Amino acid sequence: MTATGSQTAEGDAFRAGVIVAEPLLRVEGLHVRFGPLRAVSGVSFAIAKGEFYGVVGESGSGKSITARSLINLLPPAARVSGKVLFQGRDVLQAGSAELRALRGRSIGFIFQDAIAALDPVYTIGDQLIEAYRANVPGADLRTARGHARDLLAEVGITDPDRCLASYPHQLSGGMKQRVVIAAALISDPELIIADEPTTALDVTVQRQVLDLLQRVVARRGVSAIIITHDLGVVAEVCDRVAVFYGGMIVEEADTHTLFTRPRHPYTAALLDSLPKLGVKKPFKAIPGVPPKITQALTACPFEPRCPRAVAQCAQACPAESRAAASHSYRCHSPLP
Amino acid sequence: MTQQAPAIITKDLCRTFYSGHGFAFRRRSVKAVDGVGFAVQPGTTFGIVGESGSGKSTVARMLCGLERIDSGSAIVDGHDVSETLKSDPLGFRKTLQLVFQDPYAALNPYWKIGDLVGEGMRVHGLCPAGDRKVRVVDLLDQCGIPANAVDRYPHEFSGGQRQRICIARALAVQPKVLVLDEPVSALDVSIQAQILLLLQELQRELGLTYVFISHNLAVVEQICDRVAVMKTGRIVETGETEQVIHAPQHPYTQALIASTPIPEPRCRRMTEDTEQV
Chain D
0 MTATGSQTAE
10 GDAFRAGVIV
20 AEPLLRVEGL
30 HVRFGPLRAV
40 SGVSFAIAKG
50 EFYGVVGESG
60 SGKSITARSL
70 INLLPPAARV
80 SGKVLFQGRD
90 VLQAGSAELR
100 ALRGRSIGFI
110 FQDAIAALDP
120 VYTIGDQLIE
130 AYRANVPGAD
140 LRTARGHARD
150 LLAEVGITDP
160 DRCLASYPHQ
170 LSGGMKQRVV
180 IAAALISDPE
190 LIIADEPTTA
200 LDVTVQRQVL
210 DLLQRVVARR
220 GVSAIIITHD
230 LGVVAEVCDR
240 VAVFYGGMIV
250 EEADTHTLFT
260 RPRHPYTAAL
270 LDSLPKLGVK
280 KPFKAIPGVP
290 PKITQALTAC
300 PFEPRCPRAV
310 AQCAQACPAE
320 SRAAASHSYR
330 CHSPLP
Chain V
0 MTQQAPAIIT
10 KDLCRTFYSG
20 HGFAFRRRSV
30 KAVDGVGFAV
40 QPGTTFGIVG
50 ESGSGKSTVA
60 RMLCGLERID
70 SGSAIVDGHD
80 VSETLKSDPL
90 GFRKTLQLVF
100 QDPYAALNPY
110 WKIGDLVGEG
120 MRVHGLCPAG
130 DRKVRVVDLL
140 DQCGIPANAV
150 DRYPHEFSGG
160 QRQRICIARA
170 LAVQPKVLVL
180 DEPVSALDVS
190 IQAQILLLLQ
200 ELQRELGLTY
210 VFISHNLAVV
220 EQICDRVAVM
230 KTGRIVETGE
240 TEQVIHAPQH
250 PYTQALIAST
260 PIPEPRCRRM
270 TEDTEQV
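Heads up: the sequence lines are chains D and V, in that order. Heads up: the first sequence begins at 0 in numbering that gives the first Met the number 0, then just goes up one per residue. Heads up: the second sequence begins at 0 in numbering that gives the first Met the number 0, then just goes up one per residue.
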């Protein structure tokens with residue numbers, strides 16, 4: 000691809016995922032185990048500034064555990080190895096003071112369950128103001144309140160003052176999710192991690208929340224990671240996507256390539272199994288069941304369900320191959 | 000095609016819920032279902048779509064007799080639901096069975112699969128105890144569950160397998176109508192298609208009539224012959240699925256279709272371009 004101007008070159012390189020010299024976040028060889036269970040097995044990826052990165056996978060594929068590793072928020076039973084470098088610092092080695100500075104301040108985390116993420120006995124205002132003052136020590140109440148009000152307006156709440164005075168149970172699901180997004184933004188984070196932010200919402204509200212996230216990322220120039228099981232959501236908002244299966248990234252590419260020319264049979268099968276609105280075609284199921292993460296990684300985790308499996312697939316877990324600078328996959332028998 | 004008598008006819012179904020009690024709180028009422036009427040031809044699939052709170056699950060529960068019918072009538076296979084529930088509740092439950100959304104909650108964890116699936120046959124005295132196990136194994140096989148499952152417990156199965164077990168259990172009394180309340184929304188995407196294909200196959204083999212409740216228009220489009228769109232207790236649009244999806248008349252249906260994420264990045268590019276203009 001020849002670039003004509005410096006701006007296009009930058010844009011292309013960015014879209015192509017050629018990681019700039021200093022990525023905002025780089026994960027290297029992340030492994031997470033819970034006793035005999037291997038939740039995450041050797042995950043590596045990097046996110047550039049301003050990028051919207053998607054992580055898709057089914058339940059048990061390791062996507063949520065990976066997300067929580069990024070802010071070192073794993074249960075004590077987890078055994079973690081590898082590196083999570085945020086702006087060059089290793090999050091996994093960070094002490095508790097450093098972590099406190101990181102969580103909420105540099106990295107905003109939007110949890111799946113907005114209802115559980117808000118404290119039922121405090122008003123929205125109390126919670127947002129507390130979060131702001133925790134991150135900006137010495138801020139006076141009036142500034143904090145003004146900031147909270149502005150943020151609520153930014154996330155599309157029509158009457159921010161009334162919302163500030165409300166308790167969580169007085170708000171609808173979509174409003175609560177907006178408040179949670181506002182809370183994640185309150186300290187101007189450089190990275191927003193959203194774990195299934197729209198799973199609990201109705202489609203029309205989901206659309207609004209996705210639009211909001213996209214707008215926030217574009218306007219503030221921050222990076223975002225969205226974790227989801229919905230390929231439709233990914234296609235709507237993400238620049239680049241990683242497909243998780245059995246605790247590994249089996250394919251990673253820019254969104255357009257991933258949807259139009261997937262190389263990994265799992266990605267292709269997943270796309271085939273999705274009913275698409277407006278296109279009535281017989282859909283194909285993926286036979287079999289998701290892999291057990293108790294088994295050692297001596298074979299490709301998708302091998303038992305794979306229509307293209309060859310003898311090699313049962314013998315060794317495939318290493319990462321590259322189709323293009325921005326397109327990698329793990330498969331012995333990739334699609335052409 | 001000659002029109003058969005519909006398997007399900009509902010007329011002007013209504014259900015109101017009340018909240019608050021005593022004098023301190025004012026009693027507030029919510030019309031969960033407000034004048035819902037539709038007919039379903041035997042052997043076809045009727046979809047009900049809508050967002051949470053639209054009343055779609057309440058309609059399903061009213062059809063099954065799990066929710067009182069305040070006014071209006073529901074007739075399933077020629078029998079009025081409210082009347083039959085009083086005169087012959089056992090017989091009514093043999094014509095209609097229900098498959099729930101959450102296969103993790105729908106199976107008693109202390110019961111073996113064989114007992115769970117065989118219970119309906121025992122209650123209805125459908126086959127002698129000696130033959131029951133054979134019949135259970137047949138049913139499980141039909142739903143893609145291996146025979147050795149009969150002596151195992153629900154926790155040993157994945158979500159997709161549990162939903163298959165729930166379907167086998169529903170089929171145990173040889174019903175004519177299955178009410179499927181969000182049967183695939185709790186499942187992983189790669190498993191959803193398996194269950195939908197199984198449902199289609201069973202319908203072809205057994206001539207079942209389905210009422211399919213869902214919030215996912217893409218799924219509904221794939222498996223429903225006719226569809227009704229519900230909003231705040233009312234049906235705002237109903238018709239052939241093709242027609243409703245491709246030429247929606249009601250603004251709410253149009254909004255639902257526009258909001259559904261489409262797994263095609265090209266669609267997104269297009270909206271971006273139009274926004275820039």
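Glycine included, every Cβ here is placed at the ideal spot set by N, Cα and C. Computed from a predicted model, the values in this text were never measured in an experiment.
Quick check: is the beta carbon of residue 216 of chain V nearer than 8 Å to any beta carbon in chain D?
As a working note, residue 216 of chain V is residue 217 in the second sequence. Chain D, which has a Cβ nearer than 8 Å to the Cβ of residue 216 of chain V, makes this yes.
Do you know how far the Cα of residue 68 of chain V is from the Cα of residue 175 of chain V?
Walking along the second sequence from the start, residue 175 of chain V turns up at place 176. Walking along the second sequence from the start, residue 68 of chain V turns up at place 69. Roughly 21 Å separates the two Cα atoms.
Three-state secondary structure (DSSP) at residue 257 of chain V?
As a working mapping, residue 257 of chain V is identified with position 258 in the second sequence. Helix at residue 257 of chain V.
In terms of residues, what are the limits of the alpha helix (DSSP H) holding residue 265 of chain D?
Translated into positions along the first sequence, residue 265 of chain D becomes position 266. Boundaries of the alpha helix (DSSP H) harbouring residue 265 of chain D: 264 to 272, taken from the DSSP string.
Are the Cβ atoms of residue 168 of chain V and residue 143 of chain V separated by less than 8 Å?
By 1-based counting over the second sequence, the position of residue 168 of chain V is 169. By 1-based counting over the second sequence, the position of residue 143 of chain V is 144. For residue 168 of chain V and residue 143 of chain V, no; Cβs fall outside 8 Å.
Give every residue of the same chain whose Cβ lies closer than 6 Å to the Cβ of residue 36 of chain V, excluding the five residues on either side of it in the sequence, and list them in chain order.
Numbered from 1 along the second sequence, position 37 holds the residue referred to as residue 36 of chain V. Excluding positions up to five away in sequence, the list reads 9, 10, 11.
Please classify residue 155 of chain V as buried or exposed, where buried requires at least 16 neighbouring CB atoms within 10 angstroms.
What you label residue 155 of chain V is simply residue 156 of the second sequence in a count that begins at 1. So residue 155 of chain V counts as exposed.
Checking the sheet assignment: what are the DSSP bridge partners for residue 13 of chain V?
Position 14 of the second sequence, counting from 1, holds the residue named residue 13 of chain V. Looking at the DSSP assignment, residue 13 of chain V forms a beta bridge with V:33, V:70.
Would you decide whether residue 329 of chain D is buried or exposed? Buried here means 16 or more other CB atoms lie within 10 Å of its CB.
As a first step, residue 329 of chain D is located in the first sequence; it is residue number 330 there, counting from the start. With 16 or more Cβ atoms within 10 Å of its Cβ, residue 329 of chain D is classed as buried.
Exposed or buried, residue 190 of chain D, counting other C-beta atoms within 10 Å across all chains shown (16 or more means buried)?
Your numbering for residue 190 of chain D matches position 191 in the first sequence. Buried: at least 16 other Cβ atoms inside 10 Å.
Pick helix, strand or coil for residue 205 of chain V, following the three-state DSSP scheme.
For the purposes of this step, residue 205 of chain V is taken as the residue at position 206 of the second sequence. Residue 205 of chain V falls in the helix class under three-state DSSP.
With three or more beta-carbon pairs closer than 8 Å as the criterion, would you say the stretch 179 to 193 of chain D touches the stretch 94 to 112 of chain D?
Yes: at least three Cβ pairs fall under 8 Å.
From the DSSP output, in three-state form, read off residue 253 of chain D for me.
Your numbering for residue 253 of chain D matches position 254 in the first sequence. Here residue 253 of chain D sits in strand by DSSP.
DSSP on residue 329 of chain D, reduced to helix/strand/coil?
As a first step, residue 329 of chain D is located in the first sequence; it is residue number 330 there, counting from the start. Coil, per DSSP.
Reduced DSSP secondary structure (H/G/I, E/B, other) of residue 274 of chain V:
Working through the second sequence from its first residue, we reach residue 274 of chain V at position 275. Caution is warranted here: a pLDDT of 40 is assigned to residue 274 of chain V, below 50, making its placement in the model unreliable, and the coordinate value is therefore given only provisionally. Residue state, collapsed to three classes: helix.
Mind checking residue 109 of chain V: buried by the 16 CB within 10 Å criterion, or exposed?
As a first step, residue 109 of chain V is located in the second sequence; it is residue number 110 there, counting from the start. Counting the other Cβ atoms within 10 Å of the Cβ of residue 109 of chain V gives fewer than 16, which makes it exposed.
Residue 278 of chain V to residue 96 of chain D span [Cα, whole Å]:
Within the shown structure, residues of chain V are numbered from 0 to 276, placing residue 278 of chain V beyond reach of any answer.
Residue 217 of chain V to residue 276 of chain D span [Cα, whole Å]
Residue 217 of chain V sits at position 218 when you count from the first residue of the second sequence. Residue 276 of chain D sits at position 277 when you count from the first residue of the first sequence. Cα to Cα, the separation comes out at about 4 Å.
Do residue 40 of chain V and residue 3 of chain V have their C-beta atoms closer together than 8 Å?
Residue numbering aside, residue 40 of chain V sits at position 41 when the second sequence is read from its first letter. Residue numbering aside, residue 3 of chain V sits at position 4 when the second sequence is read from its first letter. Their beta carbons are under 8 Å apart, which means residue 40 of chain V touches residue 3 of chain V by this criterion.
Using the beta-carbon of each residue, which ones in chain D are nearer than 8 Å to residue 187 of chain V?
Start at 1 with the first residue of the second sequence, and residue 187 of chain V comes out as number 188. Neighbours of residue 187 of chain V on chain D, chain order: 57, 58, 228, 289.
Using a Cβ-Cβ cutoff of less than 8 Å, which residues in the same chain neighbour residue 198 of chain D once the five nearest sequence positions on both sides are dropped?
Stepping through the first sequence from its first residue, residue 198 of chain D is reached at position 199. For residue 198 of chain D, where only same-chain residues beyond five positions count, the Cβ hits under 8 Å are 111, 227, 228, 229.
Mind pulling the chain V residues with CB within less than 9 Å of residue 212 of chain D?
Residue numbering aside, residue 212 of chain D sits at position 213 when the first sequence is read from its first letter. Going along chain V, no residue has its Cβ under 9 Å from residue 212 of chain D, so there is no contact; the nearest lies around 13 Å.
According to a CB-to-CB cut-off of less than 8 Å, which residues of the stretch 234 to 260 of chain V neighbour chain D?
241, 244, 245, 254, 255, 256, 257, 258, 259, 260
Give the straight-line distance between the Cα atoms of residue 78 of chain V and residue 140 of chain V, rounded to the nearest whole angstrom.
Here the question's residue 78 of chain V lines up with position 79 in the second sequence. Here the question's residue 140 of chain V lines up with position 141 in the second sequence. Cα-Cα distance, rounded: 32 Å.
Would DSSP call residue 79 of chain V helix, strand or coil?
Against the second sequence, residue 79 of chain V aligns to sequence position 80. The answer is strand: DSSP assigns residue 79 of chain V an E or B state.
Quick one: which unbroken beta strand (DSSP E) runs of 3-plus residues sit fully inside the stretch 106 to 141 of chain D? Chain order, please.
106 to 109
Nearest neighbour of residue 94 of chain D, chosen from D:78, D:72, D:144 [CA to CA]
Against the first sequence, residue 94 of chain D aligns to sequence position 95. Nearest option by C-alpha distance: D:72.
Under the three-state reduction of DSSP, which class applies to residue 242 of chain D: helix, strand or coil?
Stepping through the first sequence from its first residue, residue 242 of chain D is reached at position 243. The answer is strand: DSSP assigns residue 242 of chain D an E or B state.
What residues from the stretch 127 to 145 of chain V come within 7 Å of chain D, judged by C-beta to C-beta, listed N to C?
none
Checking the sheet assignment: what are the DSSP bridge partners for residue 95 of chain V?
If you number the second sequence from 1, residue 95 of chain V lands on position 96. Its beta-bridge partners are V:176.
Residue range of the alpha helix (DSSP H) that includes residue 101 of chain D:
Here the question's residue 101 of chain D lines up with position 102 in the first sequence. Start and end: 95 to 101.
Name the one or two DSSP bridge partners that residue 277 of chain V has.
For residue 277 of chain V there is no data in the structure shown, the boundaries of chain V being 0 and 276.
Any beta carbon from chain D within less than 8 Å of residue 221 of chain V's own beta carbon?
Position 222 of the second sequence, counted from the start, is the residue given in the question as residue 221 of chain V. So yes, residue 221 of chain V belongs to the interface.
What number of angstroms, rounded off, separates the C-alpha of residue 61 of chain V from the C-alpha of residue 101 of chain V?
In the second sequence, residue 61 of chain V corresponds to position 62, counting from 1. In the second sequence, residue 101 of chain V corresponds to position 102, counting from 1. The straight-line gap from Cα to Cα measures roughly 19 Å.
Cβ neighbours of residue 155 of chain D in the same chain (closer than 8 Å, five flanking residues each side left out):
The residue you call residue 155 of chain D lines up with position 156 of the first sequence. The residues are 177, 207, 211.
Which bits of chain V does residue 201 of chain D rub up against, with CB to CB less than 8 Å?
Here residue 201 of chain D refers to the residue found at position 202 when the first sequence is read from its first residue. Within chain V, the residues near residue 201 of chain D are 50, 51, 214.
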